[in-house]
Amino acid sequence: MNSDIAIVGAGPIGLFSALQAAKLDAQVIVFEEHSSIGAPAHCTGHISISGLNRICLSFPANVIENKIRAVNFYSPSGYRFSVRFGSPVTYVINRELLDKYIGRMAIEQGAEILYNTHVNSLIIEDNSVVGVVVKRKKKTENVLSKVVIDAEGVSSHLLKQAGLPHLDRSMTVNGVQTEADKIHDIDNDTVEVFLSRSFAPGFFAWIVPRRDGTAKVGLATEKGSPRDCLCHFLRTSIVQKRLKGSHFTNTVYHPITLGGPISRTFQNGLLVVGDAASQVKSTTGGGVIMGLTCASIAGEVAAHAAQSQNSSAKVLSTYEYKWKKKIGFDMVAMKWLRLMLNKLSNKQLDQFITLCTRLRLDESLKGAADIDFQGTALIRLAKSPRTLATALYLLMTSFL
């Protein structure tokens with residue numbers, strides 16, 4: 083089972099890394115601890131169309147559950163700020179189908195995926211990662227590789243062994259999501275976001291509709307039980323009205339890392355990508371587009387390193403240089419925004435949403451907002467007096 087590249091985790095990030103490396107004729111093995119790809123799904127699957135276009139990823143129509151062109155933000159007291167775009171800006175996707183589709187493409191390019199295979203540890207020789215120890219069919223064996231890509235997600239247990247920085251657990255929130263079989267008074271093309279320190283401290287709650295009339299409902303919290311917080315959220319009057327008579331199924335729990343990327347994502351023979359590297363938007367918790375962006379780079383760098391017979395940290399550092407050049411500034415900016423938002427009380431959140439509505443900030447956002455590259459978008463938006471006034475308010479109130 084030796085290979086050029088061993089990838090830990092067959093989520094979309096690991097699979098996209100495999101796809102890119104296999105396209106460059108690298109021999110790739112992906113290890114997945116579950117029995118299939120895409121299950122259990124821990125992601126809302128709400129991703130930007132522009133982000134998909136940037137990484138040149140398209141997929142069959144059945145992967146798309148809905149097309150979204152508007153968002154409603156609700157303050158703790160129920161004040162609303164709405165933004166509606168002229169055309170769809172995001173897709174709601176079926177994550178299981180997306181993962182399986184990327185997996186099929188990787189296999190077609192020559193990658194191999196091994197299911198029910200748990201990676202116990204790294205194999206390290208002379209301060210370099212040279213493979214992984216896996217447990218499969220009740221047997222433990224060593225798999226040697228020229229490069230290992232850690233794409234196992236937020237629960238990564240390989241970072242410490244490699245001597246790399248850990249995730250910032252102080253900014254990890256606990257998420258929960260369930261599926262509602264019916265919704266009311268929600269436009270089919272509109273996502274609803276609810277801000278409140280009462281049921282979603284450190285993050286927010288959401289209702290994401292599908293075009294078949296069902297919805298994904300969830301939240302994340304920096305403290306307390308996510309289950310209790312979800313029950314609290316579902317009992318609020320504004321939500322009860324929208325979900326009256328609904329039945330809830332497929333409840334899943336998952337941590338979301340909001341602390342920004344770890345400070346080093348490479349080592350001799352090793353690259354770290356996706357949630358394992360905390361390449362996640364601190365503002366929204368979205369990790370698919372950012373992770374896929376980095377996965378594409380990781381697969382390319384790993385393939386070239388394997389083919390050149392040189393997987394030293396110096397060679398693999400190209401990966402970190404490239405992904406930081408693409409998304410580094412925006413990741414820092416989004417962490418800054420998250421830290422400011424987390425300092426606002428419910429009263430200040432009410433005032434903030436009211437201000438956005440009063441200043442008609444939606445008019446500015448329609449033409450300049452970028453859902454993924456929010457730091458860059460803020461620079462473009464800075465030309466607008468409305469945006470400057472809103473940003474100044476947010477900055478001042480976060481320090482009160």
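Per our numbering, the very first residue in the sequence shown carries number 83; after that it's consecutive. Backbone N, C-alpha and C fix where the C-beta goes; we use that ideal spot for every residue, glycine too.
Cβ separation of residue i and residue j, assumed to be a contact under 8 Å, to the nearest whole Å
i: Glu223; j: Val216; result: 6 Å
i: Ala385; j: Leu106; result: 4 Å
i: Ser99; j: Val354; result: Not a contact, Cβ separation roughly 11 Å.
i: Gln349; j: Leu246; result: 6 Å
i: Leu277; j: Leu441; result: Actually they are not in contact, since the Cβ atoms of Leu277 and Leu441 sit about 18 Å apart, beyond 8 Å.
i: Arg186; j: Thr199; result: Actually they do not touch by this definition, with Cβ atoms about 19 Å apart.
i: Val145; j: Leu179; result: 5 Å
i: Thr436; j: Tyr161; result: 5 Å
i: Ile453; j: Thr172; result: 7 Å
i: Thr303; j: Phe285; result: 6 Å
i: Leu340; j: Thr254; result: 7 Å
i: Lys417; j: Val165; result: Actually they are not in contact, since the Cβ atoms of Lys417 and Val165 sit about 23 Å apart, beyond 8 Å.
i: Ile379; j: Ser360; result: Actually they are not in contact, since the Cβ atoms of Ile379 and Ser360 sit about 16 Å apart, beyond 8 Å.
Beta-carbon gap between residue i and residue j smaller than 8 Å
i: Val275; j: Asn154; result: yes
i: Gln102; j: Ala358; result: no
i: Val174; j: Val290; result: yes
i: Val497; j: Gly300; result: Missing from the structure shown is residue 497; the chain here goes from 83 to 482 and no further.
i: Gln109; j: Ser130; result: no
i: Ala262; j: Phe330; result: yes
i: Gly93; j: Asp232; result: no
i: Asn270; j: Arg293; result: yes
i: Val201; j: Gly351; result: no
i: Leu374; j: Ile195; result: no
i: Ser132; j: Tyr197; result: no
i: Ala387; j: Val214; result: no
i: Lys323; j: His266; result: yes
i: Val370; j: Cys138; result: no
i: Gly91; j: Arg177; result: no
i: Asn428; j: Ser280; result: yes
i: Thr439; j: Phe163; result: yes
i: Gly192; j: Ala104; result: yes
i: Thr347; j: Glu402; result: yes
i: Phe434; j: Leu426; result: yes
i: Tyr183; j: Pro122; result: no
Assigned secondary structure, residue i (DSSP; H/G/I helix, E/B strand, else coil)
i: Ala385; result: helix
i: Gly245; result: coil
i: Asp432; result: helix
i: Ile492; result: In the structure as shown, the chain starts at 83 and stops at 482, and residue 492 therefore has no counterpart that could be examined.
i: Asp267; result: coil
i: Ala88; result: strand
i: Ala100; result: helix
i: Lys221; result: strand
i: Glu115; result: coil
i: Ile205; result: strand
i: Ala415; result: helix
i: Met83; result: coil
i: Ile344; result: coil
i: Ala108; result: coil
i: Ile453; result: coil
i: Thr365; result: coil
i: Val174; result: strand
i: Arg442; result: coil
i: Ala123; result: coil
i: Asn424; result: helix
i: Ser280; result: coil
i: Ser378; result: helix
i: Leu179; result: helix
i: Ser399; result: helix
i: Leu437; result: helix
i: Leu447; result: helix
Bridge partners - residue i, DSSP secondary structure assignment
i: Gly192; result: Answer is none; Gly192 lacks a bridge partner.
i: Pro337; result: Asn256
i: Pro291; result: Ala297
i: Gln349; result: Leu352
i: Asp232; result: Val90, Val354
i: Thr199; result: Arg218
i: Phe286; result: In DSSP, Phe286 forms no bridge with anything.
i: Ile95; result: Bridge partners of Ile95: none, in fact.
i: Ile184; result: Beta-bridge pairing links Ile184 to no other residue.
i: Gly213; result: Ile205, Leu226
i: Val275; result: Phe155, Trp288
i: Glu261; result: Lys298, Thr331
i: Arg166; result: Ala152
Closer than 8 Å to chain B by CB, residue i
i: Ala388; result: Annotation note: the requested chain B is absent from the structure, which comprises a single protein chain.
(message) Going residue by residue through the segment 300 to 338, where are the continuous alpha helix (DSSP H) segments of at least 4 residues, counting only ones entirely within it?
(response) The segment 300 to 338 contains these whole alpha helix (DSSP H) runs: 308 to 317, 319 to 324.
(message) Could you tell me which whole alpha helix (DSSP H) segments of length 4 or greater appear in the segment 125 to 164?
(response) Qualifying alpha helix (DSSP H) stretches, in chain order: 131 to 136.
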